[in-house]
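There are 2 protein chains.
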Amino acid sequence: MGPPKLTYFSLKGAGETIRFILSYANEEFIDERIDFVKDWPKIKPTTPFGKLPILEVDGKVATQTSAICRYYAKKCGLAGKDDWEDLLIDATVGTFDDMRLAITNSHYETNEESKKKKIELLNRETIPFYMERLEKQIKENDGYFVNGRLTWADLWIVALLDLVNKTMKRTLEEKYPLFEALRDKVLAIPSIKAWVAKRPKTDW
Amino acid sequence: MGPPKLTYFSLKGAGETIRFILSYANEEFIDERIDFVKDWPKIKPTTPFGKLPILEVDGKVATQTSAICRYYAKKCGLAGKDDWEDLLIDATVGTFDDMRLAITNSHYETNEESKKKKIELLNRETIPFYMERLEKQIKENDGYFVNGRLTWADLWIVALLDLVNKTMKRTLEEKYPLFEALRDKVLAIPSIKAWVAKRPKTDW
Chain A
210 MGPPKLTYFS LKGAGETIRF ILSYANEEFI DERIDFVKDW PKIKPTTPFG KLPILEVDGK
270 VATQTSAICR YYAKKCGLAG KDDWEDLLID ATVGTFDDMR LAITNSHYET NEESKKKKIE
330 LLNRETIPFY MERLEKQIKE NDGYFVNGRL TWADLWIVAL LDLVNKTMKR TLEEKYPLFE
390 ALRDKVLAIP SIKAWVAKRP KTDW
Chain B
210 MGPPKLTYFS LKGAGETIRF ILSYANEEFI DERIDFVKDW PKIKPTTPFG KLPILEVDGK
270 VATQTSAICR YYAKKCGLAG KDDWEDLLID ATVGTFDDMR LAITNSHYET NEESKKKKIE
330 LLNRETIPFY MERLEKQIKE NDGYFVNGRL TWADLWIVAL LDLVNKTMKR TLEEKYPLFE
390 ALRDKVLAIP SIKAWVAKRP KTDW
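Here the protein sequences line up with chains A and B, keeping their order.
Going by the working numbering, the first sequence opens with residue 210, and the numbers climb by one from there.
Going by the working numbering, the second sequence opens with residue 210, and the numbers climb by one from there.
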């Protein structure tokens with residue numbers, strides 16, 4: 210049937226989570242990168258819900274980044290040992306995404322005054338609130354976000370750091386040593402390291 | 210250990226998804242409803258990430274609505290038969306939530322002019338776009354959102370209809386007969402019907 214084809218824009222963005230997990234799973238995949246201006250208007254109507262990333266596998270089309278990641282996580286030992294562990298992984302992914310969404314939301318704010326206020330609130334309250342609690346979670350889970358060992362929540366969050374940091378114009382994990390150590394640990398996994406070394410260089 | 214305790218505000222809101230799935234699973238639960246003004250400021254710092262709903266079960270605390278729903282769905286036959294079916298359920302839940310988030314986002318917009326524009330765009334483009342595709346999905350799945358039978362995606366979406374409809378001040382599924390039929394089918398499930406009959410009456 211050939212390898213799965215991931216279609217996304219030519220950036221790390223949210224789709225980088227899937228690339229991390231496919232790489233970790235040693236799953237060969239076609240990293241199809243399309244141009245937002247030139248290609249997307251033509252491709253958009255052919256996608257199930259007008260959104261990327263999508264993953265084509267064995268003639269079927271999958272949507273929704275976290276759904277795709279969860280699917281491959283089960284195949285490569287990055288899921289939980291039981292349903293409760295899965296719940297904790299899902300909750301961690303969802304929690305980080307609450308913060309990420311607040312950050313993205315500020316980025317797309319078109320009213321300049323509102324945007325300034327949102328960014329200020331993020332830096333003063335929202336980001337420290339989440340980062341402190343995530344740091345505590347790493348402390349309580351032997352250096353991982355959850356379940357005391359590597360799960361797809363770790364890959365999810367580390368894959369998204371470039372996006373949130375670029376949006377906020379700073380390194381969010383800078384003052385959180387356990388968070389930094391976990392980031393470095395994930396980036397040192399041979400399959401992830403190889404992927405990061407070979408991926409196209411993009412700003413976002 | 211006692212029954213699980215769901216803590217949420219005194220409204221249907223997002224937490225209603227968990228109440229639907231616990232009811233379907235015939236899982237006895239404490240439906241703890243707190244007052245946003247009187248109770249929440251005191252309770253907020255005691256929650257893992259300053260958000261509700263949370264579910265306390267066997268002395269442990271779970272967060273994130275979809276994570277909690279997925280956990281109970283596995284226990285009561287509302288999950289997929291295999292990993293791919295689970296992916297399709299997760300994708301459907303995520304897709305509906307993309308629309309729900311766009312709707313919620315308009316609701317919390319404080320700039321009156323931006324709010325008006327957002328609501329107009331929702332009614333003209335976003336909502337018809339999603340509703341048409343979801344209607345098509347029901348057609349292709351024997352009257353359910355996915356996998357040709359009842360899954361937690363059906364309960365998730367039907368439980369959230371009151372919230373999105375109240376926000377948009379109209380019945381979104383009105384012109385989509387398969388969507389309406391699926392809604393009625395879910396609301397006619399005896400355990401769901403019993404829950405809806407006995408739940409506190411709230412506007413939201």
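Beta carbons: idealized from backbone N, C-alpha and C, even for Gly.
Keep in mind that this is a model prediction, so the values were computed, not measured.
Cutoff 8 Å: aspartate 244 of chain B Cβ touching any chain A Cβ: Translated into the one-based positions of the second sequence, residue 244 of chain B becomes position 35. Chain A, which has no Cβ nearer than 8 Å to the Cβ of aspartate 244 of chain B, makes this no.
Which whole-angstrom value is the C-beta distance of valine 367 of chain B and valine 405 of chain B, which I expect to be below 8 Å? Residue 367 of chain B sits at position 158 when you count from the first residue of the second sequence. Residue 405 of chain B sits at position 196 when you count from the first residue of the second sequence. With a Cβ gap of about 10 Å, valine 367 of chain B and valine 405 of chain B do not count as contacting.
Please report whether the beta-carbon of aspartate 351 of chain A lies at a distance below 8 Å from any beta-carbon of chain B. One-based indexing of the first sequence puts residue 351 of chain A at position 142. Output row for aspartate 351 of chain A: interface = no.
Which residues of chain B have a Cβ atom closer than 7 Å to the Cβ of asparagine 320 of chain A, listed in chain order? The residue you call residue 320 of chain A lines up with position 111 of the first sequence. Under the 7 Å cutoff, chain B gives Asn320, Ser323.
Name the chain B residues that come within less than 9 Å of tyrosine 280 of chain A, Cβ to Cβ? Against the first sequence, residue 280 of chain A aligns to sequence position 71. Correct list: Asp292, Trp293, Asp295, Leu296, Asp299.
Provide the residue span of the alpha helix (DSSP H) that contains arginine 309 of chain B, from first to last. Position 100 of the second sequence, counted from the start, is the residue given in the question as residue 309 of chain B. First-last of the alpha helix (DSSP H) with arginine 309 of chain B: 292–316.
Alpha carbon of lysine 247 of chain B to alpha carbon of lysine 253 of chain B, nearest angstrom: In the second sequence, counting from the first residue as 1, residue 247 of chain B sits at position 38. In the second sequence, counting from the first residue as 1, residue 253 of chain B sits at position 44. If I take the Cα positions, the gap works out to 11 Å.
Quick check on DSSP: helix, strand or coil for leucine 242 of chain B? Looking up residue 242 of chain B in the second sequence gives position 33. Correcting the residue type first, residue 242 of chain B is arginine in the shown sequence and not leucine. The answer is strand: DSSP assigns arginine 242 of chain B an E or B state.
For leucine 359 of chain B and leucine 391 of chain B, what's the separation of their Cα atoms in angstroms? For this step, residue 359 of chain B is matched to residue 150 along the second sequence. For this step, residue 391 of chain B is matched to residue 182 along the second sequence. Roughly 10 Å separates the two Cα atoms.
Find the residues of chain B that neighbour proline 257 of chain A, judging by a C-beta separation of less than 9 Å, and give them in chain order. Translated into positions along the first sequence, residue 257 of chain A becomes position 48. Those are Ala300, Thr304, Arg342, Gln346, listed as they occur along chain B.
Within its chain, find whatever has a CB closer than 6 Å to the CB of leucine 264 of chain B; leave out the 5 residues flanking it on each side and keep chain order. Taking the first residue of the second sequence as position 1, residue 264 of chain B is located at position 55. Around leucine 264 of chain B: Pro213, Leu215, Ala271, Ile277.
Please go through the same chain and pick out, in chain order, the residues whose beta-carbon is closer than 6 Å to the beta-carbon of isoleucine 298 of chain B, but skip the five residues on each side of it. Taking the second sequence and counting its residues from 1, one reaches residue 298 of chain B at position 89. So the list reads Gly289, Val355, Thr360, Ala362, once near-sequence residues are dropped.
Closer than 7 Å: proline 409 of chain B CB and nearest the ligand MG heavy atom: This structure does not include the ligand MG; it has no bound ligands of any sort.
Taking leucine 364 of chain A and glutamate 382 of chain A to be in contact with their CB atoms under 8 Å, please state how far apart those CB atoms are, rounded to whole angstroms. Position 155 of the first sequence, counted from the start, is the residue given in the question as residue 364 of chain A. Position 173 of the first sequence, counted from the start, is the residue given in the question as residue 382 of chain A. Actually they do not touch by this definition, with Cβ atoms about 15 Å apart.
Tell me whether the stretch 306–316 of chain A and the stretch 321–334 of chain B touch, counting them as touching only if at least three CB pairs, one residue from each stretch, are closer than 8 Å. Verdict: no, contact absent.
Span of the beta strand (DSSP E), counted from its first residue to its last, around lysine 214 of chain A: As a working note, residue 214 of chain A is residue 5 in the first sequence. Where lysine 214 of chain A is concerned, the enclosing beta strand (DSSP E) stretches over 214–218.
Residues in its own chain within less than 6 Å of tyrosine 339 of chain A by CB, not counting five upstream and five downstream? For the purposes of this step, residue 339 of chain A is taken as residue 130 along the first sequence, with counting starting at 1. Within the same chain, tyrosine 339 of chain A has close Cβ partners Met308.
Quick one: what does DSSP say phenylalanine 271 of chain A is sitting in, helix, strand or coil? Counting from one through the first sequence, the residue named residue 271 of chain A turns up at place 62. This sequence places alanine at residue 271 of chain A; phenylalanine is not what is there. Reduced to three states, the DSSP call for alanine 271 of chain A is strand.
Nearest to arginine 379 of chain B (by Cα), restricted to the options B/Ile328, B/Glu322, B/Thr304, B/Asp267: The residue labelled residue 379 of chain B in the question sits at position 170 within the second sequence. The residue with the shortest Cα to Cα distance from arginine 379 of chain B is B/Ile328.
Using the Cα positions of glutamate 318 of chain A and lysine 324 of chain A, report the straight-line distance between them to the nearest angstrom. By 1-based counting over the first sequence, the position of residue 318 of chain A is 109. By 1-based counting over the first sequence, the position of residue 324 of chain A is 115. Those two C-alpha atoms are separated by around 5 Å.
The alpha helix (DSSP H) enclosing glutamate 329 of chain A, as first and last residue numbers: Along the first sequence, one-based indexing puts residue 329 of chain A at 120. Note, glutamate 329 of chain A: alpha helix (DSSP H), 321–330.
Where does isoleucine 398 of chain A fall in DSSP's three states? In the first sequence, counting from the first residue as 1, residue 398 of chain A sits at position 189. Note: isoleucine 398 of chain A maps to coil in three-state DSSP.
Serine 275 of chain B versus chain A: which residues are under 8 Å apart at the beta carbon? Counting from one through the second sequence, the residue named residue 275 of chain B turns up at place 66. In chain order: Asp299, Gly303.
Would you kindly check if the distance between the Cβ of leucine 220 of chain A and the Cβ of threonine 376 of chain A is under 8 Å? To locate residue 376 of chain A, count along the first sequence from 1; it is residue 167. To locate residue 220 of chain A, count along the first sequence from 1; it is residue 11. A distance of 8 Å or more separates the beta carbons of threonine 376 of chain A and leucine 220 of chain A.
If contact means a Cβ-Cβ distance below 9 Å, which residues of the stretch 326–339 of chain A contact chain B? Phe338, Tyr339
Glutamate 236 of chain A versus A/Tyr281, A/Pro262, A/Leu343, A/Lys269, residue with shortest Cα-Cα distance: For this step, residue 236 of chain A is matched to residue 27 along the first sequence. When each option's Cα is compared against that of glutamate 236 of chain A, the closest is A/Tyr281.
Rounded C-alpha distance that separates asparagine 374 of chain B from glutamate 294 of chain B: Looking up residue 374 of chain B in the second sequence gives position 165. Looking up residue 294 of chain B in the second sequence gives position 85. Taking the straight line from one Cα to the other gives about 28 Å.
Throw me the rounded Cβ distance for the leucine 224 of chain B and tyrosine 217 of chain B pair, which I believe falls under 8 Å. Against the second sequence, residue 224 of chain B aligns to sequence position 15. Against the second sequence, residue 217 of chain B aligns to sequence position 8. Note that residue 224 of chain B corresponds to glycine in the displayed sequence, not to leucine. Confirmed, about 4 Å.
I'd like to know whether the C-beta of lysine 283 of chain A is nearer than 8 Å to at least one C-beta of chain B. Taking the first residue of the first sequence as position 1, residue 283 of chain A is located at position 74. Yes - at least one Cβ of chain B is within 8 Å of the one on lysine 283 of chain A.
Using CA coordinates, which residue listed in A/Thr226, A/Glu341, A/Glu349, A/Trp413 is at the minimum distance from leucine 287 of chain A? Taking the first sequence and counting its residues from 1, one reaches residue 287 of chain A at position 78. If we check each option's Cα against that of leucine 287 of chain A, A/Thr226 comes out closest.
Just checking: is the beta-carbon of threonine 272 of chain A within a distance shorter than 8 Å of some beta-carbon in chain B? Stepping through the first sequence from its first residue, residue 272 of chain A is reached at position 63. Yes, threonine 272 of chain A lies at the interface with chain B (some Cβ there is under 8 Å from its Cβ).
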